[in-house]
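*Asks:*
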Amino acid sequence: MIDRRSSFLDVRRHGFARVAVVVPRVSVGDAAANAVEHLRLLAAAHEDGAVYALCPELGLTAYTCGDLFFDDVLQHAAVDALSTVAGETAHMNMAVSVGLPLALDGGLFNCAVTLYRGAAIGIAPKSYLPNYREFYERRWFSPARACRSTEIELLGKVVPVGTNLILRARHIEGFALHVEVCEDLWVPIPPSAVAALHGATILANLSASNVTVAKAEYRRDLVVASSAANLAVQMYSAAGFGESTDDLAWDGQGMIAERGTLLAASERFTMYGTTAVVDVDLRSLTQDRVRQSSFADNAADFARAFRTVEFGDNRDARRFDGNLSFRRAIAAHPFVPADPERRDERCREVFNIQATSLARRLNALPEESRRIVIGVSGGQDSTHALLVASRAVDLLELPRERIVAVTMPGLGTTERTLGNARALSNAIGARLFELSINQLSEDVFAVIDHPSTVEDLTFENVQAWIRKILLFAMASRHRGIDLGTGDLSELALGWCTYGGDHMSHYGVNAGVPKTLVTYLIRWSAETVFAGEVEVRAVLEDILATPISPELKRPDAAGEIAQRSEEIVGPYELHDFFLYHFLRFGSDPARIARMCLHAFEGRYAIGEIRKWLIVFLDRFFASQFKRDCLPDGPKVGSGGSLSPRGDWRMPSDASSVAWLAAARAVPESI
Numbered sequence: 134m135i136d137r138r139s140s141f142l143d144v145r146r147h148g149f150a151r152v153a154v155v156v157p158r159v160s161v162g163d164a165a166a167n168a169v170e171h172l173r174l175l176a177a178a179h180e181d182g183a184v185y186a187l188c189p190e191l192g193l194t195a196y197t198c199g200d201l202f203f204d205d206v207l208q209h210a211a212v213d214a215l216s217t218v219a220g221e222t223a224h225m226n227m228a229v230s231v232g233l234p235l236a237l238d239g240g241l242f243n244c245a246v247t248l249y250r251g252a253a254i255g256i257a258p259k260s261y262l263p264n265y266r267e268f269y270e271r272r273w274f275s276p277a278r279a280c281r282s283t284e285i286e287l288l289g290k291v292v293p294v295g296t297n298l299i300l301r302a303r304h305i306e307g308f309a310l311h312v313e314v315c316e317d318l319w320v321p322i323p324p325s326a327v328a329a330l331h332g333a334t335i336l337a338n339l340s341a342s343n344v345t346v347a348k349a350e351y352r353r354d355l356v357v358a359s360s361a362a363n364l365a366v367q368m369y370s371a372a373g374f375g376e377s378t379d380d381l382a383w384d385g386q387g388m389i390a391e392r393g394t395l396l397a398a399s400e401r402f403t404m405y406g407t408t409a410v411v412d413v414d415l416r417s418l419t420q421d422r423v424r425q426s427s428f429a430d431n432a433a434d435f436a437r438a439f440r441t442v443e444f445g446d447n448r449d450a451r452r453f454d455g456n457l458s459f460r461r462a463i464a465a466h467p468f469v470p471a472d473p474e475r476r477d478e479r480c481r482e483v484f485n486i487q488a489t490s491l492a493r494r495l496n497a498l499p500e501e502s503r504r505i506v507i508g509v510s511g512g513q514d515s516t517h518a519l520l521v522a523s524r525a526v527d528l529l530e531l532p533r534e535r536i537v538a539v540t541m542p543g544l545g546t547t548e549r550t551l552g553n554a555r556a557l558s559n560a561i562g563a564r565l566f567e568l569s570i571n572q573l574s575e576d577v578f579a580v581i582d583h584p585s586t587v588e589d590l591t592f593e594n595v596q597a598w599i600r601k602i603l604l605f606a607m608a609s610r611h612r613g614i615d616l617g618t619g620d621l622s623e624l625a626l627g628w629c630t631y632g633g634d635h636m637s638h639y640g641v642n643a644g645v646p647k648t649l650v651t652y653l654i655r656w657s658a659e660t661v662f663a664g665e666v667e668v669r670a671v672l673e674d675i676l677a678t679p680i681s682p683e684l685k686r687p688d689a690a691g692e693i694a695q696r697s698e699e700i701v702g703p704y705e706l707h708d709f710f711l712y713h714f715l716r717f718g719s720d721p722a723r724i725a726r727m728c729l730h731a732f733e734g735r736y737a738i739g740e741i742r743k744w745l746i747v748f749l750d751r752f753f754a755s756q757f758k759r760d761c762l763p764d765g766p767k768v769g770s771g772g773s774l775s776p777r778g779d780w781r782m783p784s785d786a787s788s789v790a791w792l793a794a795a796r797a798v799p800e801s802i
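If you count the sequence shown from 1, you need to add 133 to reach this note's numbering.
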């Protein structure tokens, strides 16, 4: 009996499957020894919880046997070795693909045989035989098209043969395997690509592939690109130590990629074999295929007669404690690369997307109207928008005086943020206007008979509306456009005032999540504004200031009393929820489970559950604000919330089912 804790933690419940690439040490021509080496690594992969393992091309004989392939002794020994592997893995609920030569239809074929529970379930002959440079495979083997049989007897059972087989596991959600051999992946239209269009989610390539300088990088790019183009898992296993080095060398490069990302790679140049094991996300890739209409259109253009072979049943979904933890990295900050070099590249890309988009919008205006009016609060969002604005006018070779910076101290403004707003605007070289909203706010409170001592939603909204009226008025007065500063995270949570900071003439930050804004400011300070010392100095203090809309009065010490993350929750959690909800349509339990792993103990499951409920509740309730968003550039593949872009949802849609699913997440484990 599986308890609730185990059920929730089990990664398989959330659409993941554990797979392995194994690269055994080989002995040229000694099939019995090779079977032993295969079994040693396969047993370890099974112990790690793998449900599928991929071995190299011709691994049961070695790839470099040459004319020995013609010899009956080697051919029979290879089948005997296959029988040994099948028998020794019969107790494992793990499918295995191994490589060997098979004599079929009067020819010899370089084949991949997939085994499960002691029996062969599919045979894939190699389609494209390299016969150039160091390769002479046509000397020994026939291509797949020369195989007339659609099934043969092997290991005492009738087994389907062909390049059009998809092996589907009944007991593993989304597991549909297509197997091909080496060169088949290197041709312009690989058999695996067509198989992916017909439903294969795991593309496995048994390879030998000798190593030369820079070839490992090319293979990696090939594998990653295949996984991206096919919205699939691409597995690759190359021959390693033990292959003949008469004229070639071997590195044993094993790789597992998923939708354009390399998840795992084996150690190269090892003496005794190597393994790579990782959990692949089958649910996300099937979601991607559903969403990308061009994928289905492409499938219709490449209609083929594929055969589905089903194997396994629910009894094969073993209880395994190893599945209670992930064997893959999950980014805690999916919008922000962890690697510093990639993070800098991301910041440069996002900043330039924003700046050039804003420049294009300005360029569409009459020359005398190419001005930007921006509310500067001393907070991070308006700071980043101001930096982008300065870059945009620089690109258009306009003076920075074309930026009209308006700071509007209100009832909640602190001296720190006001000082930073002034200092940054002056350092940038914008025209600075300071318009207090205190008296205007008090006047509105008096007109609507609202006590100014009651700091409720009306107290906050009135200030936000007054600020927007002033910004629109300034835009009219100075013949410019009001630049919105609100970010993607605030739009997701509805943490903005409808008709207030929610509205503008152009929302330059609308596609940028809160977790990325901080890095963008820091990157800008170190690169774009590296030579502007005064700008860099004020940016450091802004980054150290708590995030707040400052719509409630400061505390007794004059410090910020209203802190956003204390009210709506940590932005890093909300950005994680948003990414997986928006990008993949993931269900709440899956999001919570992935989040628990991604943050590695920084948040308990109860806290994740609490803020996930807040996220879903606010997200559904705030759609009316997103339905009338101003224009703004989409900047990331994680998606946008524009009603003209990635997200369309009725503003009166019910959140009941999603909230029920979130509340079903355990409060403790």
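All C-beta atoms, glycine included, are put in the ideal place defined by N, C-alpha and C.
Who are the near neighbours of Ala497 in its chain, counting only those whose CB is closer than 7 Å to its CB and skipping five residues on each side?
*Replies:* Numbered from its first residue, the sequence shown carries residue 497 at position 364. Hits under 7 Å: none found.
*Asks:* According to DSSP, simplified to helix, strand and coil, what is Phe149?
*Replies:* Locating residue 149 in the sequence shown gives position 16, where the first residue counts as 1. Phe149 falls in the strand class under three-state DSSP.
*Asks:* What three-state label does DSSP hand Pro234 in the structure shown?
*Replies:* Here the question's residue 234 lines up with position 101 in the sequence shown. Three-state result, Pro234: strand.
*Asks:* Excluding the 5 residues preceding and the 5 following Pro763 in the sequence, name in chain order all residues of the same chain whose CB lies nearer than 7 Å to its CB.
*Replies:* Position 630 of the sequence shown, counted from the start, is the residue given in the question as residue 763. Around Pro763: Gly617, Met636, Ser637, His638, Tyr639, Gly640.
*Asks:* By the DSSP assignment, the beta strand (DSSP E) with Glu567 in it spans what residues?
*Replies:* To locate residue 567, count along the sequence shown from 1; it is residue 434. Looking at the DSSP string, the run of the beta strand (DSSP E) that includes Glu567 is 564-567.
*Asks:* Output the distance between the C-alpha atoms of Thr345 and Tyr269, rounded to the nearest integer angstrom.
*Replies:* Taking the sequence shown and counting its residues from 1, the one referred to as residue 345 is at position 212. Taking the sequence shown and counting its residues from 1, the one referred to as residue 269 is at position 136. Thr345 and Tyr269: Cα-Cα distance of roughly 17 Å.
*Asks:* Which residue comes first and which comes last in the beta strand (DSSP E) that contains Asn431?
*Replies:* Here residue 431 refers to the residue found at position 298 of the sequence shown. Unbroken run through Asn431 is the alpha helix (DSSP H), 426-434; no beta strand (DSSP E).
*Asks:* Between Ala236 and the rest of its own chain, which residues show a CB-CB distance below 7 Å, the 5 nearest in sequence each way excluded?
*Replies:* Counted from its first residue, the sequence shown places residue 236 at position 103. Cβ neighbours of Ala236 beyond the five flanking positions: Gln208.
*Asks:* Roughly how many angstroms separate the alpha carbons of Arg422 and His583, rounded to a whole number?
*Replies:* Here the question's residue 422 lines up with position 289 in the sequence shown. Here the question's residue 583 lines up with position 450 in the sequence shown. Taking the straight line joining both Cα atoms gives about 53 Å.
*Asks:* Given a cut-off of 7 Å on the beta-carbon distance, is the pair Leu248 and Phe274 in contact?
*Replies:* Here residue 248 is taken as the residue at index 115 of the sequence shown, counted from 1. Here residue 274 is taken as the residue at index 141 of the sequence shown, counted from 1. No, they are not a contact pair.
*Asks:* Can you list, in chain order, the residues of its chain whose CB lies under 7 Å from that of Arg669, leaving out five sequence neighbours each side?
*Replies:* Here the question's residue 669 lines up with position 536 in the sequence shown. Answer for Arg669: Ala658, Phe662, listed in chain order.
*Asks:* Closest to Pro157 by CA distance: which of Thr408, Glu474, Phe468, Leu495 is it?
*Replies:* In the sequence shown, residue 157 corresponds to position 24, counting from 1. It is Thr408 whose Cα lies nearest to the Cα of Pro157.
*Asks:* Checking 7 Å against the spacing of the C-beta atoms, do Phe141 and Pro799 come in under that value?
*Replies:* Taking the sequence shown and counting its residues from 1, one reaches residue 141 at position 8. Taking the sequence shown and counting its residues from 1, one reaches residue 799 at position 666. Yes, the Cβ-Cβ distance between Phe141 and Pro799 is below 7 Å.
*Asks:* Thinking C-alpha only, which one of Phe592, Ser569, Leu684 is nearest Ala579?
*Replies:* Counting from one through the sequence shown, the residue named residue 579 turns up at place 446. Per the Cα distances, Phe592.
*Asks:* With DSSP run on the structure shown, which of helix, strand or coil describes Met636?
*Replies:* Residue numbering aside, residue 636 sits at position 503 when the sequence shown is read from its first letter. Looking at Met636 - three-state DSSP - the assignment turns out to be coil, as it is neither helix nor strand.
*Asks:* What are the boundary residues of the beta strand (DSSP E) that Cys244 is part of?
*Replies:* In the sequence shown, counting from the first residue as 1, residue 244 sits at position 111. Counting along the chain, the beta strand (DSSP E) containing Cys244 begins and ends at 240-249.
*Asks:* What do you get for Arg145, buried or exposed, if any count of 16 or more other CB atoms within 10 angstroms of its CB means buried?
*Replies:* Here the question's residue 145 lines up with position 12 in the sequence shown. That one is buried.
*Asks:* Grab the span of the beta strand (DSSP E) containing Arg301 for me, first residue to last.
*Replies:* For the purposes of this step, residue 301 is taken as the residue at position 168 of the sequence shown. Residues 298-302.
*Asks:* Could you please give me the residues that DSSP links to Ser490 through a beta bridge?
*Replies:* The count along the sequence shown starts at 1 and reaches residue 490 at position 357. According to DSSP, Ser490 bridges with nothing at all.
*Asks:* Note down the Cα distance separating Ser558 from Thr516, rounded to an integer number of angstroms.
*Replies:* Taking the sequence shown and counting its residues from 1, one reaches residue 558 at position 425. Taking the sequence shown and counting its residues from 1, one reaches residue 516 at position 383. Between Ser558 and Thr516, the C-alpha separation is close to 9 Å.
*Asks:* Out of Asp576, Phe757, Asn363, Ala560, state which residue places its alpha-carbon closest to the alpha-carbon of Tyr631.
*Replies:* Taking the sequence shown and counting its residues from 1, one reaches residue 631 at position 498. The candidate whose alpha carbon is nearest that of Tyr631 is Phe757.
*Asks:* I think Ala365 touches Ala337, with their Cβ atoms under 8 Å apart; what is that distance to the nearest whole Å?
*Replies:* Residue numbering aside, residue 365 sits at position 232 when the sequence shown is read from its first letter. Residue numbering aside, residue 337 sits at position 204 when the sequence shown is read from its first letter. About 10 Å separates the two Cβ atoms, so there is no contact after all.
*Asks:* Quick one: what does DSSP say Leu76 is sitting in, helix, strand or coil?
*Replies:* As shown, the chain starts at 134 and ends at 802. That puts residue 76 outside it, with no answer to give.
*Asks:* What residues in its chain sit with their C-beta under 6 Å from that of Arg281, if we drop five residues either side in the sequence?
*Replies:* As a first step, residue 281 is located in the sequence shown; it is residue number 148 there, counting from the start. Closer than 6 Å at the Cβ level, and outside the excluded window around Arg281, lie Asp238.
*Asks:* How big is the Cα-Cα spacing for Ser788 and Leu711?
*Replies:* Locating residue 788 in the sequence shown gives position 655, counting from the first residue. Locating residue 711 in the sequence shown gives position 578, counting from the first residue. One C-alpha to the other measures close to 15 Å.
*Asks:* Counting C-beta neighbours from all protein chains within 10 Å, is the total for Tyr704 16 or more, i.e. buried, or is it exposed?
*Replies:* For the purposes of this step, residue 704 is taken as the residue at position 571 of the sequence shown. With 16 or more other Cβ atoms within 10 Å, it is buried.
*Asks:* Residue range of the beta strand (DSSP E) that Arg440 falls in?
*Replies:* Mapped onto the sequence shown, residue 440 falls at position 307. Residues 440-444.
*Asks:* My output table needs one value for Leu113: the three-state DSSP class, helix, strand or coil.
*Replies:* Residue 113 is absent from the structure shown; the chain starts at 134 and stops at 802.
*Asks:* Kindly indicate which residue of Pro276, Leu544, Ile507, Gly512 has the alpha-carbon position closest to the one of Arg533.
*Replies:* Residue numbering aside, residue 533 sits at position 400 when the sequence shown is read from its first letter. Per the Cα distances, Ile507.
*Asks:* Please name the residue, chosen from Ile299, Leu298, Phe308, Gly255, that lies closest to Glu286 on a Cα-to-Cα basis.
*Replies:* In the sequence shown, the residue the question calls residue 286 occupies position 153. Here the closest residue by C-alpha is Gly255.
*Asks:* May I have a chain-ordered list of the beta strand (DSSP E) segments no shorter than 3 residues that lie completely inside the stretch 558-644?
*Replies:* Complete beta strand (DSSP E) runs here, min 3: 564-567, 614-617.
*Asks:* When the Cα atoms are used, what is the spatial distance from Pro293 to Gly765?
*Replies:* To locate residue 293, count along the sequence shown from 1; it is residue 160. To locate residue 765, count along the sequence shown from 1; it is residue 632. Between Pro293 and Gly765, the C-alpha separation is close to 54 Å.
*Asks:* Give me, in chain order, the residues of the same chain whose beta-carbon lies closer than 7 Å to that of Pro324; leave out the 5 immediate sequence neighbours on both sides.
*Replies:* In the sequence shown, counting from the first residue as 1, residue 324 sits at position 191. The residues are Ser260, Thr296, Glu313, Asp317.
*Asks:* I need the boundaries of the alpha helix (DSSP H) containing Leu708, first residue and last residue.
*Replies:* Working through the sequence shown from its first residue, we reach residue 708 at position 575. It is Asp, not Leu, that sits at residue 708 in the sequence shown. Where Asp708 is concerned, the enclosing alpha helix (DSSP H) stretches over 704-717.
*Asks:* Look up Glu530 in the DSSP assignment and say whether it is helix, strand or coil.
*Replies:* Walking along the sequence shown from the start, residue 530 turns up at place 397. Correct three-state label for Glu530: coil.
*Asks:* Is it right to say Glu623 is buried, meaning 16 or more other beta carbons lie within 10 angstroms of its own, or is it exposed?
*Replies:* What you label residue 623 is simply residue 490 of the sequence shown in a count that begins at 1. Classification for Glu623: buried.
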